[in-house]
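Asks: Residue numbers (the UniProt record's numbering): 1 to 332.
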Amino acid sequence: MNEAQSNLNDSGTVGLTAWENHWQKTNDTAAFEESTPLHNYLQTHWSNFLKQTISPHNDTKLIDLACGKGTVSELAVSQGKAANTGRLDIHCVDASFSAVKNVAQRLSISAALQANCANLPYQNDSFDLVVSQFGIEYAPAHSAKEFARILKSSGRFASVIHYKNGAIYQDCNEKRKLIEKILSLNLFEKAQVAFTAGYAVVDGKLPPQVFQKADADFAPVIEQYKQVIISTNSEVKSLLIQILKDMGFMYENIASHSEQDVSDWLTSTKLEFINFKDRMSSMVNAAMDEEQICQMLAPFLAKGFTQTICERLSVDNDPPFAWFVQIANINA
């Protein structure tokens, strides 16, 4: 089992809180679910690319930038075994320590490192392959200079990047607005007040009228929350319904649950909502348009790379959901 290492001295500068909290709890990707057409499409797309670039009997040094759960690295490991390649030296880098820790525990790779993509701790011309899936767009724009710097002149860069106004972009934006609307209801704050009053009455510390007032203030918020659920077709609808059921069960059976457990549940659930909203917002803000893609290519062109390919990826007849950018040097 590999060990994750850190080269990130000031994590506060990279806006990691929502993603770090996410990776602490799961290896799942936040961009899409597994075993969906989109996931299967990307698996096939990367597999085809890696078959062309990881050659039998040749040594390959690969870095997976903003690796997340290490999807591309995992495919590279499989391709390396299938191709009977020479030494396959894989480095996974992410700004989230929890992400690289998960990858280090799950995959047999050379290194898993927490680092900022804008300041990579590698020498010039270190890698044959620089890859990323839904990751590098979160880094500052000037990070592209780092991607070009660590790539050998004979190497290849490939990245799947969120497409501005594309399918994933629209989905994330809708989810962001949905969660913002729910948070604006002050659902958890009103629930906390009602539960606190309820426990005070159960314990004989306050008269029933106090709870009746808190309950009256809470009731319209619940109705508004129900209307939000009814009005959405988002895939998170089932989760919103479950939260309503759980809250209702605790509310109706208040004496069966400790006040501290209920308070902790309300606090943690609200935090999950906030973190989810922040992740959706970060995806929306990170998505790139054609002009931004061209700006990202500039450091590679300045280094002498001569071949750039920018594909718009889509499943069936759906709108594009991502760019697939390849950069190489046909003269190398």
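Just so it is clear, CB atoms sit at the ideal spot from N, CA and C, and this is done for glycine as well. Since the structure is predicted, the reported quantities are computational estimates derived from the model, not experimental observations.
Looking at the ligand GTP, does it come within less than 7 Å of V77, judged from the CB to the closest heavy atom?
Replies: For the structure depicted, the ligand GTP is absent and the ligand set is empty, with no information on it obtainable.
Asks: Measuring alpha carbon to alpha carbon, tell me which of P320, L301 and R87 ends up nearest residue 335.
Replies: This structure does not reach residue 335, given that the chain is present from 1 up to 332, and the question cannot be answered.
Asks: Rank C92, C117 and E290 by C-alpha distance to the C-alpha of R106 and give the top, closest one.
Replies: The residue you call residue 106 lines up with position 106 of the sequence shown. Ranking the options by Cα distance to R106, first place goes to C92.
Asks: Spatial neighbours of I309 within its chain, please: CB distance less than 6 Å, with the 5 preceding and 5 following residues excluded, ordered by chain position.
Replies: To locate residue 309, count along the sequence shown from 1; it is residue 309. So the list reads Q326, once near-sequence residues are dropped.
Asks: Three-state secondary structure (DSSP) at P140?
Replies: The residue labelled residue 140 in the question sits at position 140 within the sequence shown. Correct three-state label for P140: coil.
Asks: Could you pull the DSSP bridge partners for W46 from this structure?
Replies: Counting from one through the sequence shown, the residue named residue 46 turns up at place 46. DSSP, once it has assigned bridges, lists no residue as partnering W46.
Asks: Whose CA, out of A76, K61, Y169 and D59, lies closest to the CA of T44?
Replies: Locating residue 44 in the sequence shown gives position 44, counting from the first residue. Selected option, being the one with the closest Cα: A76.
Asks: Unbroken beta strand (DSSP E) runs of length 3 or more, entirely within the UniProt domain "Methyltransferase type 11" (64-158): which are they?
Replies: 88-94, 111-114 and 127-133
Asks: From which residue to which residue does the beta strand (DSSP E) around A328 run?
Replies: Counting from one through the sequence shown, the residue named residue 328 turns up at place 328. A322 to A328 is the extent of the beta strand (DSSP E) around A328.
Asks: Assuming Y225 and L183 form a contact by the criterion Cβ under 8 Å, report the distance between their Cβ atoms to the nearest whole angstrom.
Replies: Mapped onto the sequence shown, residue 225 falls at position 225. Mapped onto the sequence shown, residue 183 falls at position 183. Actually they do not touch by this definition, with Cβ atoms about 11 Å apart.
Asks: Once DSSP output is grouped into helix, strand and coil, what is the label at P299?
Replies: Looking up residue 299 in the sequence shown gives position 299. DSSP places P299 in helix when its eight states are reduced to three.
Asks: For N48, tell me which candidate among A139, Q79 and H57 has the shortest Cα-Cα distance.
Replies: Looking up residue 48 in the sequence shown gives position 48. It is Q79.
Asks: In terms of alpha-carbon separation, which member of N285, W46, E290 and G304 lies closest to V160?
Replies: Taking the first residue of the sequence shown as position 1, residue 160 is located at position 160. That would be W46, whose Cα lies nearest to the Cα of V160.
Asks: Have a look at N331 and N233 and give me their C-alpha separation to the nearest angstrom.
Replies: Counting from 1 along the sequence shown, the entry for residue 331 is found at position 331. Counting from 1 along the sequence shown, the entry for residue 233 is found at position 233. One C-alpha to the other measures close to 51 Å.
Asks: From K245 to L239, what does the alpha carbon distance come to, in whole angstroms?
Replies: Position 245 of the sequence shown holds residue 245. Position 239 of the sequence shown holds residue 239. So the alpha carbons of these two residues sit roughly 10 Å apart.
Asks: Considering only their Cβ atoms, is the gap separating P320 from G135 smaller than 8 Å?
Replies: Start at 1 with the first residue of the sequence shown, and residue 135 comes out as number 135. Start at 1 with the first residue of the sequence shown, and residue 320 comes out as number 320. Taking 8 Å as the Cβ cut-off, G135 and P320 do not qualify as a contacting pair.
Asks: Between which two residues does the beta strand (DSSP E) harbouring E272 extend?
Replies: Taking the first residue of the sequence shown as position 1, residue 272 is located at position 272. No beta strand (DSSP E) holds E272; the alpha helix (DSSP H) holding it covers E259 to A286.
Asks: Taking only the alpha-carbon atoms, compute the straight-line gap between L38 and K164 and give it to the nearest angstrom.
Replies: For the purposes of this step, residue 38 is taken as the residue at position 38 of the sequence shown. For the purposes of this step, residue 164 is taken as the residue at position 164 of the sequence shown. Cα atoms of L38 and K164: separation of roughly 17 Å, rounded to the nearest angstrom.
Asks: Let's test the definition: count the other Cβ atoms within 10 Å of the Cβ of D289 and tell me whether it reaches 16, buried, or not, exposed.
Replies: Locating residue 289 in the sequence shown gives position 289, where the first residue counts as 1. Under this definition D289 is an exposed residue.
Asks: Which partner residues of I168 appear in the DSSP bridge assignment?
Replies: Translated into positions along the sequence shown, residue 168 becomes position 168. In the DSSP output, where bridge partners are listed per residue, I168 has none listed.
Asks: Between which two residues does the alpha helix (DSSP H) containing I230 stretch?
Replies: Along the sequence shown, read from residue 1 onward, the residue named residue 230 stands at position 230. Counting along the chain, the alpha helix (DSSP H) containing I230 begins and ends at P208 to S231.
Asks: Tell me G308's beta-bridge partners as DSSP assigns them.
Replies: Stepping through the sequence shown from its first residue, residue 308 is reached at position 308. Note on residue identity: the sequence assigns Thr, not Gly, to residue 308. Per DSSP, I327.
Asks: Since I believe L88 is in contact with I54 (beta carbons under 8 Å), could you give me their beta-carbon distance rounded to a whole number of angstroms?
Replies: Residue numbering aside, residue 54 sits at position 54 when the sequence shown is read from its first letter. Residue numbering aside, residue 88 sits at position 88 when the sequence shown is read from its first letter. The pair is a contact, with the Cβ atoms about 7 Å apart (cut-off 8 Å).
Asks: Go to K237, then tell me how far its alpha helix (DSSP H) extends in each direction, as first and last residue.
Replies: Residue 237 sits at position 237 when you count from the first residue of the sequence shown. Counting along the chain, the alpha helix (DSSP H) containing K237 begins and ends at K237 to E252.
Asks: Determine, using beta-carbon pairs with one atom in the stretch 195-204 and one in the stretch 242-257, whether at least three such pairs fall under 8 Å.
Replies: yes
Asks: Return the CA-CA distance between D264 and G198, expressed in angstroms with no decimal places.
Replies: Your numbering for residue 264 matches position 264 in the sequence shown. Your numbering for residue 198 matches position 198 in the sequence shown. Near 16 Å, if we compare the C-alpha coordinates of G198 and D264.
Asks: Run through DSSP, which three-state label would V160 get?
Replies: By 1-based counting over the sequence shown, the position of residue 160 is 160. Strand at V160.
Asks: Could you work out which residue in E174, V103, Q5 and A219 is closest to L185 when comparing CA atoms only?
Replies: In the sequence shown, residue 185 corresponds to position 185, counting from 1. Nearest neighbour of L185 by Cα position, chosen from E174, V103, Q5 and A219, turns out to be A219.
Asks: What is the rounded straight-line gap between the Cα of I274 and the Cα of Q242?
Replies: For the purposes of this step, residue 274 is identified with residue 274 of the sequence shown, where counting begins at 1. For the purposes of this step, residue 242 is identified with residue 242 of the sequence shown, where counting begins at 1. Approximately 17 Å, taken between the alpha carbons.
Asks: Can you round the beta-carbon distance between D125 and K152 to whole angstroms, since I take them to be within the 8 Å contact cut?
Replies: Taking the sequence shown and counting its residues from 1, the one referred to as residue 125 is at position 125. Taking the sequence shown and counting its residues from 1, the one referred to as residue 152 is at position 152. With 8 Å as the limit, D125 and K152 qualify as a contact, their Cβ atoms being about 5 Å apart.
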